[in-house]
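Notes to accompany the following structure.
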Amino acid sequence: MNPRTVRLTLLAALAVAACVALALNLFVPSVRRATSVTPTKPSNTPARVTERWRASFPVEVVGLPSVDEQGVVVTAGESQTIALSPNGDVLWTTAVAGALVNAPRLDSDLVLVAAKRAVVALNRASGAVVWSAPTAADGEDDNRANEPVVAGDTVVATTESGRAYGLDRATGAIVWSVELSTASTAEPAAGDGVVVVVGIAQWRALDPVNGATIWSGDLGPYGTSSPVVYADGARSLAAVATDEKVIAVDAHSGEAVWQADADQSELFQVPTVTADHELLVPDHWGRLAAFDAHDGAFKWRVDGPDGVAEFGAPAVLGPKLVALSLDEGGPRIAGPNGSSRVETPSAGHGVAVAPDGQLIVTTWDGPENYVVAYHLKVRNAP
């Protein structure tokens, strides 16, 4: 099932939930080194990209990428998790039944994978399975996990059925579980000793030690983005985009801090905060708006083509320069002066930026699909 079908199916299911709430096959990849220059089009953004390498896989979809100093980790074909080196060489491949297109969570020595019926932890160096925590019992329907977060010694994951789990990071044992008010396909966010989760019409902060609710708030009957938790001076804020606005609250008390107008986002879009303290909010139509993360003042926005911003957060490439993943028209490099497309070998799917500054893009919907690395050159840079 391709990502668009997954999205539409999940949104239909969540719409029903809102009404209720309100009333081992191994891949043999190839790696191609490339030196050809692919400029962004049109030339209204201050950057161009050069393809560095690509790795191909005979699957319908390669999931969203995660990156660290050791390289890139992706899921592929809803059955595998694959690690590549910074040069695109395959380091290991591990079978993970029902592995979702969500980006794996990389946490030091662990790779945490969200699957249709479990959260699975793999060894970062070898790919060996460390533990698997089921989200559905034998004989029950699938209960997909959302991308987990790590808070201290606890892995926190929410599920499509509307439950949050606190898992021991070392063993995967369930430390606590909490029934949420509604279903959720939003990934949680963690920071400064709290975990923020979003469902239909409500969000709440949980204590990662015991799952206790610290605060909760209503969001209205419409779709929301996933949440983000970030430092703002001496305090921490939690923010979410919902019902044509962005709201930020104190992450520890839930007290409102600021609110700003914004376009409608979905659970699959993830706001992010940049080094210059701008909150970037992608929306349902592939647009992106930037706000001052301290007080919500509008900074800039960019309109893309008719496309839907893919799962995950924008990849921050530099000051006021990001990569957005759209499921129509491919990924785009965007900034205050506009956006332009990055050519990909098949439909662009996910984006991430590596520690060395390479833009990593994954694809779907081709006869085979890819992980592609691009070198980014900012125009007028030395």
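At position 168 of the sequence shown (counting the first as 1) the number is 167 in numbering that gives the first Met the number 0, and the numbers step up by one without a gap. Glycine included, each C-beta is placed from N, C-alpha and C at the ideal position. Just so we're clear, the structure is a prediction, and the values are computed from it rather than from any experiment.
> If you draw a straight line from the alpha carbon of Ser78 to that of Val72, how long is it in whole angstroms?
Replying inline: 14 Å
>> Relative to the C-alpha of Ala114, which candidate in Ala96, Ser125, Asp108 has its C-alpha closest?
In response: Ala96
>> By the three-class DSSP mapping on this structure, what secondary structure does Asn101 have?
In response: If DSSP states are grouped into helix, strand and coil, Asn101 belongs with coil.
> Expressed to the nearest angstrom, what Euclidean distance is found between the alpha-carbon atoms of Ile81 and Asp152?
Replying inline: For the pair Ile81 and Asp152, the Cα-to-Cα distance works out to about 25 Å.
>> On the criterion of 16 or more Cβ atoms from any shown chain inside 10 Å, does Gly329 qualify as buried, or is it exposed?
In response: buried
> How close, in whole Å, do the beta carbons of Gly347 and Ser324 come, if the pair is a contact with beta carbons under 8 Å?
Replying inline: 6 Å
>> I need the DSSP call for Val360, collapsed to helix, strand or coil.
In response: strand
> Which ranges does the beta strand (DSSP E) cover as unbroken runs of at least 3 residues, wholly within the stretch 283-360, from first to last along the chain?
Replying inline: Counting only runs that start and end inside the stretch 283-360, the beta strand (DSSP E) elements of at least 3 residues fall at 287-291, 297-301, 314-317, 320-323, 331-334, 337-340, 346-352.
>> On the criterion of 16 or more Cβ atoms from any shown chain inside 10 Å, does Gly232 qualify as buried, or is it exposed?
In response: exposed
> Can you give the Cα-Cα distance for Val118 and Pro64, rounded to whole angstroms?
Replying inline: Looking at the two C-alpha atoms, the distance is approximately 17 Å.
> Hey, Ala182 and Ile199: beta-carbon distance below 9 Å or not?
Replying inline: yes
>> Using a Cβ-Cβ cutoff of less than 7 Å, which residues in the same chain neighbour Leu279 once the five nearest sequence positions on both sides are dropped?
In response: Pro270, Thr271, Thr273, Leu287, Ala289, Pro313, Val321
> Applying the criterion that 16 or more other CB atoms from any shown protein chain within 10 Å of the CB defines a buried residue, is Glu186 buried or exposed?
Replying inline: buried
>> In the DSSP assignment, the beta strand (DSSP E) including Arg162 goes from what residue to what residue?
In response: It spans 162-167 - the beta strand (DSSP E) in which Arg162 sits, taken as one unbroken run.
> Nearest CA to the CA of Asp167: which residue from Glu159, Pro281, Ala150?
Replying inline: Ala150
>> Quick check for students: name the residue ranges of the beta strand (DSSP E) that lie wholly in the stretch 207-260, counting only runs of 3 or more.
In response: 212-217, 227-231, 234-241, 244-249, 255-260
>> Quick check on DSSP: helix, strand or coil for Arg51?
In response: strand
>> Let's test the definition: count the other Cβ atoms within 10 Å of the Cβ of Gln268 and tell me whether it reaches 16, buried, or not, exposed.
In response: buried
>> Tell me the DSSP secondary structure of Val269 in three-state form.
In response: coil
> DSSP three-state call for Ala384: helix, strand or coil?
Replying inline: Not covered by the structure: residue 384. The range shown for the chain is 0 to 381.
> Can you tell me whether Gly138 is buried or exposed, with buried defined as 16 or more other CB within 10 angstroms of its CB?
Replying inline: Exposed, by the Cβ-count rule.
> How is the beta strand (DSSP E) around Asp141 delimited, first residue to last?
Replying inline: Run containing Asp141: none; DSSP gives neither H nor E here.
>> Using the Cβ count rule (16 or more neighbours within 10 Å means buried), how would you classify Ile173?
In response: Burial call: exposed.
>> Counting C-beta neighbours from all protein chains within 10 Å, is the total for Arg143 16 or more, i.e. buried, or is it exposed?
In response: Buried: at least 16 other Cβ atoms inside 10 Å.
>> Suppose contacts are defined by Cβ-Cβ distances below 9 Å. Is Ala120 in contact with Ser107 by that definition?
In response: no
> From which residue to which residue does the beta strand (DSSP E) around Ile81 run?
Replying inline: 79-83
> Cα separation between Val177 and Asp141?
Replying inline: 18 Å
>> For Trp91 and Gly349, what's the separation of their Cα atoms in angstroms?
In response: 20 Å
>> If contacts are defined as beta-carbon pairs under 8 Å, then Asp262 and Glu277 qualify, I think. What distance do you get, rounded to the angstrom?
In response: Incorrect: roughly 17 Å between the Cβ atoms, too far for contact.
> Got a sec? Which residues, its chain only, sit under 6 Å from Trp257 by beta carbon, not counting five neighbours each side?
Replying inline: Ala247, Asp294, Gly295
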